[in-house]
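Heads up, the thing below is written out as structure tokens.
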Amino acid sequence: MDFILRVNGRLLPIQVTFTLEGTFDREVKSLTRVAKSLGARNGLVVTWEEEDETLIDGIAVRVVPLWKFLTGFNPFSPT
Numbered sequence: 005m006d007f008i009l010r011v012n013g014r015l016l017p018i019q020v021t022f023t024l025e026g027t028f029d030r031e032v033k034s035l036t037r038v039a040k041s042l043g044a045r046n047g048l049v050v051t052w053e054e055e056d057e058t059l060i061d062g063i064a065v066r067v068v069p070l071w072k073f074l075t076g077f078n079p080f081s082p083t
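With positions in the sequence shown counted from 1, the corresponding number in this note's numbering is that position plus 4.
As structure tokens, then:
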């Protein structure tokens with residue numbers, strides 16, 4: 005886990021990786037484990053250019069490119 009932010013009063017665990025190619029399971033396992041321990045329902049993975057959304061073990065995992073994260077992306081807004 006790289007860092008945790010408080011967004012709109014909710015904790016958001018964030019994992020950062022250049023790409024999820026070949027590392028998806030490892031990156032998401034860490035993210036969902038921390039999210040569960042925090043009581044969070046969401047987790048965020050920041051990558052260079054990938055974008056996706058999935059539900060893993062009850063945790064909504066969003067994958068966003070770095071440019072979107074840096075320009076005010078709200079992980080709790082509907083897609």
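Where a beta carbon is used, it is the ideal one built from N, C-alpha and C, also for glycine.
The continuous alpha helix (DSSP H) containing residue 28 extends over residues 28 to 42. Within the DSSP secondary-structure output, residue 79 pairs in no beta bridge.
Note: residue 14 is bridge-paired with 11 in the DSSP secondary-structure output.
If you draw a straight line from the Cα of residue 70 to the Cα of residue 17, it comes to about 15 Å. With fewer than 16 neighbouring CB atoms inside 10 Å of its own CB, residue 58 falls in the exposed class.
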